[in-house]
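Numbering (our numbering), first residue to last: 62 to 521.
Beta carbons are placed, not taken as given, at the ideal position from N, Cα and C, and that holds for glycine.
A short worksheet on the structure shown next.
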């Protein structure tokens, strides 16, 4: 079952879990007014929409983005930590892990928002997760941080701002060559709405950024929510509610039968076959138990899935028909542990959407007036948001978390360079944004690791 049954916990544990889930929603709420100010910055700054209308509109599209965005990015967040090991730890350990992640992330997010610095909630969350992962490994050993996944995420976070800057620079230059009506390249007149066609473009790009922000950033909140649920209620949330041991056992039988006939004298193929057979055998032992250990099954399903995918990539190991079938089987096996209940997605959507509706003003001024020496024009606003929405959309398709804040800020910087060269950038603001970009990961890693060690010392 993936409903939400607290009877497995003590009264203190149940209260602690509820408080932590509220804290996750608070983080996503802060994410809404911290990050999504970037989405409404151009429509508010250019007077295309009144602030109240803009933030409500953006909030609605953020909500829809989370609801329809899937769970690919969310599972990337979950995979950062050794959740399988954490699910079998004592209660005080679980509480220390979650408290350290949430407290460090919220402290950094609120601090940077208060000073109007467009820092990244994505960097913040990932840094906090890496910090407790490092602390957990230091104390317990085991898998620790999934450095392979961490590297993938780091590359996406590192590459996306540079892509945003250069793509916006090129698009701005291209538009200046092909658009004959130069009205779109003017700065907004104080208190006056732009022409209808320009308003339509800016509202459309704001909508796109809001929607794709929800589909990417919202999923990070979903991933964090699922980590809390799995650590506190592993029997309920280690596997999807539709998990069927008998159906999985039938699949295991098929895998074993086909794999055993594929073994030959090739060392590489034999090694791949043995790894698949070993994982299948270990999973079989768990599946036939009267009261199967769901966290243990989750771990063995992941192992079998990994080994099966590697075997299908070994040349001439499986017949073409079997290879195609087992690739599909591997994807199907993953749905048993890569999921999020609809109610989780709904609550995260709601928190992000409501958070969008407040706190926008500090970041809007930074985006509109402080990145470049000239104020943002209509074309620059539309270009920056179009590039940002496309970058975030592509990242979501590839299940890569990126920072809306840094992608949009760098895109605005790109449009400023396109207009008057590098001299058009305000160095002080760029240094502040760059400092936040550089410092967020190390600060949150150190903060969350330190808090984790402190909490487990106090409560352990």
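Which residue from 124, 194, 167 and 107 puts its Cα closest to that of residue 138?
-> Relative to the Cα of residue 138, the nearest Cα in the group 124, 194, 167 and 107 belongs to 194.
Leaving out five residues on either side along the sequence, give the residues of the same chain with a beta carbon under 7 Å from the beta carbon of residue 452.
-> Taken in chain order, the residues that qualify are 221, 224, 225, 463 and 468.
Outcome for residue 398 when other beta-carbon atoms lying within 10 angstroms are tallied against a minimum of 16 = Result: buried.
Would residue 496 be called buried (16 or more neighbouring beta carbons within 10 Å of its own) or exposed?
-> Burial call: exposed.
So, using beta-carbon positions, are residue 105 and residue 275 closer together than 9 Å?
-> Using a Cβ distance threshold of 9 Å, residue 105 and residue 275 do not count as a contacting pair.
By Cβ distance, which residues of its chain are closer than 7 Å to residue 159, with the 5 residues on each side in sequence left out?
-> These residues qualify, in order along the chain: 81, 289 and 292.
Helix or strand or just coil, what does DSSP make of residue 164?
-> DSSP places residue 164 in helix when its eight states are reduced to three.
Can we say the region 366-374 touches the region 333-343, given the rule of at least three CB pairs closer than 8 Å?
-> Result yes; three or more Cβ-Cβ pairs closer than 8 Å.
Residue 143 and residue 227: beta carbons closer than 9 Å?
-> Here residue 143 is not near residue 227, since their CB atoms are 9 Å or more apart.
Taking the continuous alpha helix (DSSP H) assigned at residue 202, which residues delimit it?
-> No alpha helix (DSSP H) holds residue 202; DSSP gives it neither H nor E.
For residue 90, I'd like the list of residues in its chain whose CB is within less than 8 Å of its CB, leaving aside the five on either flank, ordered along the chain.
-> The residues are 412, 413, 415 and 416.
Hey, how far is the Cα of residue 354 from the Cα of residue 341?
-> Note on geometry: alpha-carbon atoms of residue 354 and residue 341 lie some 16 Å from one another.
Could you give the C-beta distance for residue 490 and residue 441, rounded to a whole number, given that I count them as a contact under 8 Å?
-> For a cut-off of 8 Å, the C-beta gap from residue 490 to residue 441 is around 15 Å, too long to register as a contact.
Return helix, strand or coil for residue 337, following the three-state DSSP convention.
-> Here residue 337 sits in helix by DSSP.
Beta-carbon separation (whole angstroms), residue 360 vs residue 373, contact threshold 8 Å | Not a contact, Cβ separation roughly 21 Å.
Since residue 192 contacts residue 509 with CB under 8 Å, what's their CB separation in whole angstroms?
-> Contact flag correct, Cβ pair sits at about 3 Å.
What's the call for residue 175, buried or exposed, on a 16-neighbour Cβ count within 10 Å?
-> Answer is exposed; the Cβ neighbour count stays below 16.
Give the DSSP-derived three-state secondary structure of residue 256 in the structure shown.
-> Look at residue 256 here: in three-state DSSP terms it is coil, with no helix or strand label.
What alpha helix (DSSP H) runs, 4 residues minimum, are completely inside the region 275-305?
-> Here the runs fully enclosed are 295-298.
State the DSSP-derived secondary structure class of residue 247, mapped to helix, strand or coil.
-> In the three-state scheme derived from DSSP, where H, G and I count as helix and E and B as strand, residue 247 is classed as coil.
In its own chain, which residues sit with a C-beta less than 6 Å from the C-beta of residue 210, not counting the 5 before and 5 after it?
-> Here residue 210 has 140 and 141 as same chain residues with Cβ atoms under 6 Å from its own Cβ, once five neighbours each way along the sequence are excluded.
Three-state secondary structure assigned by DSSP to residue 331 | Looking at residue 331 - three-state DSSP - the assignment turns out to be helix.
Counting only the same chain and skipping the five closest in sequence on each side, list residues whose C-beta sits under 6 Å from that of residue 77.
-> Excluding positions up to five away in sequence, the list reads 156.
Fully enclosed by the region 131-156, which alpha helix (DSSP H) runs are 4 residues long or longer?
-> DSSP runs (the alpha helix (DSSP H)) wholly in the region 131-156: 133-139 and 144-147.
First and last residue of the uninterrupted alpha helix (DSSP H) at residue 467 = Where residue 467 is concerned, the enclosing alpha helix (DSSP H) stretches over 465-481.
Quick one, are the C-beta atoms of residue 189 and residue 161 less than 9 Å apart?
-> With contacts defined as CB atoms closer than 9 Å, residue 189 and residue 161 qualify as a contacting pair.
What residue from 502, 287, 153 and 92 has the CA that sits closest to residue 400's CA?
-> Considering only alpha carbons, the answer is 287.
Burial state of residue 499, where buried means 16 or more other Cβ atoms lie within 10 Å | So residue 499 counts as exposed.
Beta-carbon separation of residue 86 and residue 519 under 9 Å?
-> At least 9 Å separates the beta-carbon of residue 86 from that of residue 519.
For residue 256, count neighbouring Cβ atoms within 10 angstroms of its own Cβ and tell me buried if that reaches 16, exposed if not.
-> Residue burial annotation: residue 256 is exposed, with fewer than 16 other C-beta atoms found within 10 angstroms of its C-beta.
Can you tell me the Cα-Cα spacing of residue 356 and residue 385, whole angstroms?
-> Taking the straight line joining both Cα atoms gives about 29 Å.
To the nearest angstrom, how far is it from the Cα of residue 513 to the Cα of residue 183?
-> Distance between the alpha carbons of residue 513 and residue 183: 20 Å.
So, is residue 483 buried or exposed, given that buried needs 16 or more other C-beta atoms within 10 angstroms?
-> Its Cβ having fewer than 16 others within 10 Å, residue 483 is exposed.
Specify the secondary structure class of residue 70 as computed by DSSP and reduced to three states.
-> Taken through DSSP and simplified to helix, strand or coil, residue 70 comes out as coil.
Rounded to whole angstroms, what's the CA-CA distance from residue 344 to residue 312? Just pull it up for me.
-> The alpha-carbon atoms of residue 344 and residue 312 are separated by roughly 11 Å.
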